[in-house]
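Novice: Have a look at this one before I ask anything.
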Amino acid sequence: KIKLRLENRSLDHLRAPVICVLGHVDTGKTKLLDKLRCTNVQKSEAGGITQQIGATNVPIDVLRELTKIVRPPKGSQPFKIKIPGLLIMDTPGHEHFRLMRSRGSSLCDLAILVVDIMHGVEPQTVESIKLLQDRGTPFIVALNKIDRLFEWQSNPQKDFWDLLKMQKDHTKVEFEQRLSSAKLQLSEQGLNTKMYYEYSDPKEYSWIVPTSAITGDGIANLIATVVKYNQEIQPEKITFSEELEATVLEVKQTIGHGITIDVILKNGSLKIGDTIVLPGSKGRPIVTQIRALLLPKPNRELRIKTEYAEPKNIKGCQGVKIVAKGLKSAISGSSFLVARCQNEIEILKDLSQEKEILGCIQCEKH
Ligand code: GDP
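Listed below in structure tokens is the structure:
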């Protein structure tokens with residue numbers, strides 16, 4: 421009974437981690453994102469996946485389904501998912517990192533760095549590593565395009581380890597050679613790496629998962645590794661907290677609602693009527709009340725714009741569009757606060773503007 425209660429508690433308290441994908445152009449970031457978000461899975465199979473603002477929520481049931489072929493290492497317990505889901509940012513690339521105005525802060529709890537196994541480390545791989553290290557964002561390397569190895573035999577229904585064992589000898593040799601070469605190039609960038617199944621100390625080693633975003637090989641292992649990393653290596657980082665952590669992704673016109681902000685609410689909750697205080701571009705903080713919270717309606721075709729659901733309140737971790745007056749001078753990448761009483765407004769105004777100025781100075785330095 422106690423065990424059951426503890427399990428329930430962890431499920432209740434862990435929030436969905438925010439996942440971003442980045443890497444060099446043409447390495448397969450977009451294709452990989454499509455696979456992770458099940459964009460091309462039959463609607464009936466992708467039950468529960470919800471398109472949010474700027475991100476897609478892949479819930480626990482779907483994660484279980486996607487990772488059911490993953491075999492636990494010998495002697496280990498079967499793999500068990502404890503997080504409620506993954507919040508996968510929709511657009512790949514550096515933007516999310518550049519967007520964050522203060523150094524050392526990252527919207528992303530864990531990143532996937534995509535490297536093309538045929539090309540190894542490329543200029544934007546190096547740039548991405550620097551950006552991730554600068555932000556203190558942990559990452560997993562997806563060594564993508566393994567289907568391009570000579571005579572690779574694909575089977576996305578198999579655990580990667582079993583699939584590799586099945587390959588012809590010369591394909592295995594080519595895999596090992598290209599893996600070693602990528603590892604060497606990464607080490608030249610100061611990055612020690614190990615294969616994901618070794619579960620080496622993540623403080624010393626970044627984990628590599630070989631994948632094919634086209635055939636789906638290794639995708640189950642990649643998802644399992646992302647889940648495992650979050651719930652086992654950094655559970656405290658993804659524990660839900662009531663303290664508000666919200667980032668403005670975009671400031672934009674929404675038909676029928678005027679200028680709105682797209683926000684990732686990582687922690688805490690928001691409700692209609694809340695007074696939010698956020699930095700403004702002209703050095704004047706914005707103080708405004710939330711008029712509506714907009715979420716895309718569930719069970720609609722992904723990527724197709726539809727009307728919104730309008731919940732009265734929401735809890736992190738989610739993407740949401742906020743409707744309020746006076747948002748024109750809001751700034752992408754800034755974070756905001758909620759004032760619970762009149763006295764707090766003045767304090768938060770100073771605080772938000774200070775944070776913004778600090779962010780700008782640090783951005784310029786960066
Ligand atoms: P991005 O620029 O990193 O977003 O790369 P894309 O996802 O647009 O992919 C670039 C090209 O590589 C496209 O032609 C994809 O079809 C192809 N591609 C992506 N992933 C794979 C893969 O795993 N295997 C193979 N063979 N091609 C891939």
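Heads up, the sequence shown stops at 786 in UniProt numbering, and the numbers go up one at a time, no gaps. The beta carbon of each residue, even a glycine, is placed where N, CA and C say it ideally should be.
Taking its Cβ as the centre, do 16 or more other Cβ atoms sit within 10 Å of Arg-704, making it buried, or is it exposed?
Specialist: Start at 1 with the first residue of the sequence shown, and residue 704 comes out as number 284. So Arg-704 counts as exposed.
Novice: If you draw a straight line from the alpha carbon of Glu-727 to that of Leu-685, how long is it in whole angstroms?
Specialist: Here residue 727 refers to the residue found at position 307 of the sequence shown. Here residue 685 refers to the residue found at position 265 of the sequence shown. Whole-angstrom Cα-Cα distance: 20 Å.
Novice: Just to confirm the assignment, what range does the alpha helix (DSSP H) spanning Glu-663 have?
Specialist: Position 243 of the sequence shown, counted from the start, is the residue given in the question as residue 663. Here Glu-663 belongs to no alpha helix (DSSP H), and DSSP marks it neither H nor E.
Novice: Using a Cβ-Cβ cut-off of 8 Å (strictly less than) and excluding sequence neighbours within five positions of Glu-594, which residues of its own chain qualify?
Specialist: Looking up residue 594 in the sequence shown gives position 174. Around Glu-594: Leu-569, Phe-570.
Novice: Just the C-alpha distance for Glu-656 and Gly-700, rounded to the nearest angstrom, thanks.
Specialist: For the purposes of this step, residue 656 is identified with residue 236 of the sequence shown, where counting begins at 1. For the purposes of this step, residue 700 is identified with residue 280 of the sequence shown, where counting begins at 1. Each residue's alpha carbon lies about 32 Å from the other.
Novice: Restricting to Cα atoms, I'd like to know which of His-433, Glu-766, Thr-659, Asn-477 is closest to residue 420.
Specialist: Lying outside 421 to 786, the shown extent of the chain, residue 420 is not represented and no answer is given.
Novice: Any contact between the segment 444-461 and the segment 655-669? By contact I mean 3 or more CB pairs, one from each, below 8 Å.
Specialist: Judged by Cβ distances under 8 Å, the segment 444-461 makes no contact with the segment 655-669, as fewer than three pairs qualify.
Novice: Just list the residues that DSSP pairs Ala-750 with in beta bridges.
Specialist: For the purposes of this step, residue 750 is identified with residue 330 of the sequence shown, where counting begins at 1. According to DSSP, which records beta bridges pairwise, Ala-750 is partnered with Gly-700.
Novice: To the nearest angstrom, how far is the alpha carbon of Glu-721 from that of Ala-729?
Specialist: To locate residue 721, count along the sequence shown from 1; it is residue 301. To locate residue 729, count along the sequence shown from 1; it is residue 309. The pLDDT assigned to Glu-721 is 49, lower than 50, so where the model puts this residue is not dependable; a value taken from the coordinates is nonetheless given after this. Each residue's alpha carbon lies about 15 Å from the other.
Novice: Quick one: is the Cβ of Ile-634 within less than 7 Å of any heavy atom of the ligand GDP?
Specialist: Residue mapping note: residue 634 aligns to position 214 of the sequence shown, counting from 1. Yes, Cβ of Ile-634 sits closer than 7 Å to a heavy atom of the ligand GDP.
Novice: Return the bridge partner residues of Gly-739 from the DSSP annotation.
Specialist: Translated into the one-based positions of the sequence shown, residue 739 becomes position 319. Gly-739 is bridged to Ile-684.
Novice: In chain order, what residues of the same chain have a beta carbon less than 7 Å from the beta carbon of Tyr-625, not counting five sequence neighbours either side?
Specialist: As a working note, residue 625 is residue 205 in the sequence shown. Taken in chain order, the residues that qualify are Asn-612, Thr-613, Lys-614.
Novice: In whole angstroms, what is the alpha-carbon distance linking Ile-658 and His-590?
Specialist: The sequence position of residue 658 within the sequence shown is 238, counting from 1. The sequence position of residue 590 within the sequence shown is 170, counting from 1. In a straight line, the C-alpha of Ile-658 is about 42 Å away from that of His-590.
Novice: Mind checking Leu-584: buried by the 16 CB within 10 Å criterion, or exposed?
Specialist: Reading the sequence shown from its first residue, position 164 is the one you call residue 584. By the 10 Å Cβ count, Leu-584 comes out buried.
Novice: So what does DSSP say about Leu-563, is it helix, strand or coil?
Specialist: The count along the sequence shown starts at 1 and reaches residue 563 at position 143. The answer is strand: DSSP assigns Leu-563 an E or B state.
Novice: Note down, one range per segment and in chain order, each alpha helix (DSSP H) of at least 4 residues found wholly within the segment 436-461.
Specialist: If we require 4 residues or more, the alpha helix (DSSP H) runs fully inside the segment 436-461 come out as 449-456.
Novice: Of the choices Thr-695, Asn-733, Lys-735, Lys-717, whose alpha-carbon is the least far from that of Glu-766?
Specialist: Working through the sequence shown from its first residue, we reach residue 766 at position 346. Taking only the C-alpha atoms, the option nearest Glu-766 is Thr-695.
Novice: Using the DSSP secondary-structure output, state which residues sit across from Asn-477 in a beta bridge.
Specialist: For the purposes of this step, residue 477 is identified with residue 57 of the sequence shown, where counting begins at 1. According to DSSP, Asn-477 bridges with Thr-470, Leu-507.
Novice: Does the beta-carbon of Val-534, which I'm using as the reference point, lie nearer than 7 Å to any heavy atom of the ligand GDP?
Specialist: Working through the sequence shown from its first residue, we reach residue 534 at position 114. Yes; taking the cut-off as 7 Å, the Cβ of Val-534 has a heavy atom of the ligand GDP nearer than that.
Novice: Looking at C-alpha atoms only, which residue of Asp-682, Gln-497, Cys-528 is the closest neighbour of Ile-751?
Specialist: Position 331 of the sequence shown, counting from 1, holds the residue named residue 751. Comparing Cα positions, the closest option is Asp-682.
Novice: Kindly indicate which three-state DSSP category Leu-771 falls into: helix, strand or coil?
Specialist: One-based indexing of the sequence shown puts residue 771 at position 351. Reduced to three states, the DSSP call for Leu-771 is helix.
Novice: Measuring from the CB of Asp-579, is there a heavy atom of the ligand GDP at a distance below 7 Å?
Specialist: Here residue 579 refers to the residue found at position 159 when the sequence shown is read from its first residue. No, since every heavy atom of the ligand GDP falls outside the 7 Å radius drawn around the Cβ of Asp-579.
Novice: Would you kindly work out how many angstroms separate the C-alpha atoms of Val-758 and Ile-566, rounded to a whole number?
Specialist: In the sequence shown, residue 758 corresponds to position 338, counting from 1. In the sequence shown, residue 566 corresponds to position 146, counting from 1. Cα-Cα distance, rounded: 47 Å.
Novice: Ala-644 lies in the alpha helix (DSSP H); which residues open and close that run?
Specialist: Translated into positions along the sequence shown, residue 644 becomes position 224. Per DSSP, Ala-644 belongs to the alpha helix (DSSP H) from 639-648.
Novice: Can you give the beta carbon distance from Asn-641 to Asp-579, rounded, assuming they're within the 8 Å contact cut?
Specialist: Counting from 1 along the sequence shown, the entry for residue 641 is found at position 221. Counting from 1 along the sequence shown, the entry for residue 579 is found at position 159. Going by Cβ atoms, the distance from Asn-641 to Asp-579 rounds to 7 Å, so yes, they are a contact pair.
Novice: Restricting to Cα atoms, I'd like to know which of Leu-483, Ser-620, Lys-451, Leu-506 is closest to Lys-500.
Specialist: Position 80 of the sequence shown, counted from the start, is the residue given in the question as residue 500. The shortest Cα separation from Lys-500 among Leu-483, Ser-620, Lys-451, Leu-506 belongs to Leu-483.
Novice: Taking Asp-554 as part of the alpha helix (DSSP H), name the residues at either end of that continuous run.
Specialist: Counting from 1 along the sequence shown, the entry for residue 554 is found at position 134. Taken as a continuous stretch (DSSP letters only), the alpha helix (DSSP H) holding Asp-554 covers 543-555.
Novice: With a threshold of 7 Å on Cβ separation, who are the neighbours of Pro-576 within its own chain once the five nearest residues in sequence on each side are excluded?
Specialist: Position 156 of the sequence shown holds residue 576. So the qualifying residues of the chain are Thr-635, Gly-636, Asp-637, Ile-639.
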